[in-house]
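Inspection log for the structure reproduced underneath, given as structure tokens.
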Amino acid sequence: MRIGVDASCWGNRRGFGRFTRELFFALLELDKSNDYVFFVDSEMSDAYDIPSGVEKIVAKTQQAQIEAASAGGRRSLQDIWSMTREVLRHRVDVFFFPAVYSYFPILNRTKIVLTIHDVIADHHPELVFPDRRSKYFWKLKQNLAIKQANVIATVSEHSKNEIADYFRINESKIRVIPEAASSVFQKIPQDRMFFSTLSKHGLTPEQRFLLYVGGISPHKNLGTLIDAFKLILDRDSNHDIKLVLVGDYTDDPFYSAYPTLKKQIDDLELQGSVLFTGFITDEDLVCLYNSATLLVFPSLEEGFGLPAIEAMACGTPIAASTYGSLPEIVAGAGRFFDPTSAAGMADVIGDVLSNESVRAEMIRSGMERSKEYCWKKAADETLGIFNSLGPR
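In my numbering, the protein residues as written are -12 to 379.
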């Protein structure tokens, strides 16, 4: 069976790019029977880490995928046709979209597996789209993608239920492919390189800090986290603690709350206590996870919440929002708060900071919880979907 893959998001630095890479590294290790054809755009034509053993087809496009998939962007008709034409030329039995963001029409009877990671853009358009035009084109693309799809894949039971309810789709059409932490995320020794990495980001081994990892979009709710952090400092002036925000905020094509957050930090006089790292490498991120006092996940909505699994695998305790998928993913390994209440968030974070035995138990249970998620399981589920659709 020939399986086509939209690999235009292979190099993406956000969650759906990692999902694509990790899933197919595991899938190609598992599946030695089927042939895989990766369709990439011009931007990805020289990607060095596309696995060997796959056929790579380059469609000539003018616009970078990350721009086309952004909240305010869309593929040009010329680029859409270029991707579609290459799929028609190189016949495949099943075609897999790792994210609806980069969907383009398939104009033949090829079976389609479409991944919808969440319905954040649909539930909270005011937090995602910069204007009505962007929302309109998103709806148009997504509705066509869902209509064409034979199977819809998603990453959590929470997202499955949300997709079924919002789009009125029978749950039998939706399959869950859970994410997992990459093998690089683990406990590591505190050696010279570890200390050097902390220093590079303005930290010391003794410095306690709260860590956030993810996007800077409004639905990530970082404004409330900053308010909660201010409350923690005001309640106890002896708290020598910082808030470290890891995320690509200067070159982020998605709708970013960075200017608003920066003003908030200035108004609260937290300039020396809140650090923005920008995008960092996985190697640096592992060090920050290992050194953080607590990972805080304040989102108003999440489809999965991959940093939660990564943090738990590194032995980082988690305080998370009760909204979205996070209670499902973190389960009994974390502490939870109402993300709409800065005071409630501060209470939960403060309790963890002041109780070392609670932290120790969260670390232990978190590491156990992270082991329940692995990319081989995700690959098994994905291969089962492909085999159910392909030639008998």
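Note that beta-carbon positions come from the ideal geometry of N, C-alpha and C, so glycine has one too.
9 angstroms Cβ cutoff met for residue i and residue j
{"i": "T191", "j": "V163", "result": "no"}
{"i": "L114", "j": "P205", "result": "yes"}
{"i": "Y276", "j": "A244", "result": "no"}
{"i": "P85", "j": "T102", "result": "yes"}
{"i": "Y360", "j": "V283", "result": "no"}
{"i": "M(-12)", "j": "F26", "result": "no"}
{"i": "M349", "j": "G311", "result": "no"}
{"i": "I296", "j": "F124", "result": "no"}
Buried versus exposed call for residue i [16 or more other C-beta atoms within 10 Å across all chains shown]
{"i": "G40", "result": "exposed"}
{"i": "R72", "result": "exposed"}
{"i": "D253", "result": "exposed"}
{"i": "V256", "result": "In the sequence as presented, Val is not what sits at residue 256; that position holds Glu. When all chains shown are included, E256 counts as exposed."}
{"i": "N212", "result": "A small correction: the amino acid at residue 212 is Leu; Asn does not occupy that position in the sequence shown. That one is buried."}
{"i": "G383", "result": "Residue numbering for the chain in the displayed model covers -12 to 379; residue 383 lies beyond these limits and cannot be assessed."}
{"i": "S170", "result": "exposed"}
{"i": "E193", "result": "exposed"}
{"i": "R356", "result": "buried"}
{"i": "P285", "result": "buried"}
{"i": "P117", "result": "exposed"}
{"i": "E343", "result": "exposed"}
DSSP bridge partner residues for residue i (one or two, in chain order)
{"i": "A140", "result": "T102, R162"}
{"i": "G265", "result": "V233"}
{"i": "G(-2)", "result": "Answer by DSSP bridge pairing: none, since G(-2) is not bridged."}
{"i": "M308", "result": "Checking the displayed sequence, the identity of residue 308 turns out to be Ser instead of Met. Partner(s): F324."}
{"i": "I(-10)", "result": "Y23, V81"}
{"i": "R195", "result": "I228"}
{"i": "F284", "result": "A307"}
Coil, strand or helix - residue i by DSSP
{"i": "L209", "result": "helix"}
{"i": "R222", "result": "helix"}
{"i": "V41", "result": "coil"}
{"i": "P46", "result": "It should be noted that the sequence gives Ala, not Pro, for residue 46. Residue state, collapsed to three classes: strand."}
{"i": "D28", "result": "strand"}
{"i": "V200", "result": "strand"}
{"i": "C274", "result": "helix"}
{"i": "D36", "result": "coil"}
{"i": "A168", "result": "coil"}
{"i": "R8", "result": "helix"}
{"i": "R155", "result": "coil"}
{"i": "D118", "result": "coil"}
{"i": "R96", "result": "coil"}
Alpha carbon of residue i to alpha carbon of residue j, nearest angstrom
{"i": "T369", "j": "L17", "result": "11 angstroms"}
{"i": "I44", "j": "V24", "result": "7 angstroms"}
{"i": "Q251", "j": "L281", "result": "22 angstroms"}
{"i": "T186", "j": "V339", "result": "Per the sequence presented here, residue 186 reads as Ser, with Thr not at that position. Rounded to the nearest angstrom, the two C-alpha atoms are 25 angstroms apart."}
{"i": "E270", "j": "D235", "result": "16 angstroms"}
{"i": "P112", "j": "N374", "result": "36 angstroms"}
{"i": "S20", "j": "E42", "result": "14 angstroms"}
{"i": "F196", "j": "T303", "result": "11 angstroms"}
{"i": "I161", "j": "V100", "result": "10 angstroms"}
{"i": "E158", "j": "N137", "result": "12 angstroms"}
{"i": "F324", "j": "H77", "result": "50 angstroms"}
{"i": "P382", "j": "I316", "result": "Nothing about residue 382 can be reported from this structure: the residues present for the chain run from -12 to 379 only."}
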